[in-house]
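Read the structure below first, then the notes.
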Amino acid sequence: MTLALQIILVITSLLMTILVLLHRGKGGGLSSLFGGGVQANLSGSTVVEKNLNRYTVAVAIIWIVCIIALLLIQAYGL
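Following the numbering used here, the numbering of the sequence shown begins with 592 at its first residue and continues without gaps.
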């Protein structure tokens, strides 16, 4: 159980890094490579950005749950 959680934690950590880097910053970002460039200037937030936000939040929740589960396993020896 602990090994599986550790593997999931490493995978989600890498995914979080990639997803955060894909977000559009002040001067644009890598998300514009996937269709968000021209539309972002006209309409504000694109579908690509919204989906990227959803994926980032989902991965962050999984990451936090893994950290809490590993802490509980370590603390109580479950």
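Virtual Cβ for every residue (Gly too), placed ideally from N, Cα, C.
Check: Quick one: Cα of residue 631 to Cα of residue 606, how far?
Finding: Numbered from its first residue, the sequence shown carries residue 631 at position 40. Numbered from its first residue, the sequence shown carries residue 606 at position 15. Caution applies to residue 631, whose pLDDT of 48 falls short of 50 and renders its modelled position unreliable; the model cannot decide the point.
Margin query: The alpha helix (DSSP H) that contains residue 662, what's its start and end?
Written below: As a first step, residue 662 must be located in the sequence shown, where it is residue number 71. Its alpha helix (DSSP H) spans residues 638–667.
Notebook entry, point to check: If you drop the 5 nearest sequence neighbours on each side, which residues of the same chain put their C-beta closer than 7 Å to that of residue 650?
Noted result: For the purposes of this step, residue 650 is taken as the residue at position 59 of the sequence shown. 603, 606, 607, 610.
Notebook entry, point to check: Between the stretch 593–600 and the stretch 657–666, do three or more beta carbon pairs fall short of 8 Å?
Noted result: yes
Notebook entry, point to check: So residue 607 is in the alpha helix (DSSP H); what residue range does that whole segment cover?
Noted result: Looking up residue 607 in the sequence shown gives position 16. 593–613 is the span of the alpha helix (DSSP H), which, as asked, contains residue 607.
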